[in-house]
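What follows is a set of notes on a single structure, which appears directly below.
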Amino acid sequence: MSVDQRVENLADEYRERLWGDSIPVDPVTIAKKLGIAVVQTKLPQQVSGAIIKERGKDAIIVLERSDSDQRKRFTCAHELGHFVDLLEENNGKIDEFEQIDLRDPESSVGINPSEIFANQFAAALIMPKDAVVKLHNKNLSKGPMAAKLGVSPAAISFRLKNLGLPGGRF
């Protein structure tokens, strides 16, 4: 099974078990059902989000409070991707870890395997393949498609490209 398909399957599994099939998907609700608190605060300019798990405590996802709702949703789903990746690597058990995601060129070009996984997981979690294909087949432009999924037009553009679907209209 390819890495991409593995990520799609994991995102589908978590979404179906903890959210269902309605859109837009709320990653904060999914996080809470996993016992992860989600907080919004002012972060340093170079930090886009973080997930922190201290020994003996529940994990916490930290989001930049001034980001758009769409950005916060994707960041929350991205941090969930880091959490799920570690759960999968460690047979469902995580004692402690910290992942701080920076707004830098490396994070946007996708060369770090952990970041690639988290980005793919986030996209698959909040933009389910089946939902994207259905919306695409209705010949919706990117704006309405993005609005239905609660994401930015840029995010849906990347998702369409990664699913091998034509880019849609603006």
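Its first residue numbered 2, the sequence shown is counted upward by one per residue in the numbering used here. Every residue, glycine too, gets a C-beta built ideally from N, C-alpha and C.
Verify whether the separation of the beta carbon atoms of residue i and residue j is less than 7 Å.
| i | j | result |
| --- | --- | --- |
| residue 155 | residue 8 | no |
| residue 41 | residue 11 | no |
| residue 39 | residue 29 | yes |
| residue 89 | residue 62 | no |
| residue 32 | residue 82 | no |
| residue 51 | residue 123 | no |
| residue 117 | residue 54 | no |
Have a look at residue i and residue j and give me their C-alpha separation to the nearest angstrom.
| i | j | result |
| --- | --- | --- |
| residue 142 | residue 84 | 33 Å |
| residue 1 | residue 56 | The question about residue 1 has no answer here: the residues shown for the chain are numbered 2 through 171. |
| residue 14 | residue 46 | 34 Å |
| residue 162 | residue 168 | 6 Å |
| residue 151 | residue 24 | 8 Å |
| residue 76 | residue 160 | 15 Å |
| residue 164 | residue 17 | 20 Å |
| residue 93 | residue 87 | 8 Å |
| residue 134 | residue 5 | 17 Å |
| residue 48 | residue 70 | 16 Å |
Below 6 Å CB to CB, which residues in the same chain sit around residue i once its five sequence neighbours on both sides are set aside?
| i | result |
| --- | --- |
| residue 146 | 136 and 157 |
| residue 19 | 31 and 34 |
Apart from the five residues just before and just after residue i, which ones in its own chain have a Cβ nearer than 8 Å to its Cβ?
| i | result |
| --- | --- |
| residue 112 | none |
Discussion item. Runs of 3 residues minimum, wholly inside the region 26-53: which ones carry the beta strand (DSSP E) assignment?
Written reply: 38-42, all fully within the region 26-53.
Practice prompt. With a floor of 4 residues, list each alpha helix (DSSP H) that falls wholly inside the region 54-139, ordered by position along the chain.
Written response: Those alpha helix (DSSP H) runs which fall completely within the region 54-139 and span 4+ residues are 70-90, 106-110, 114-127 and 130-138.
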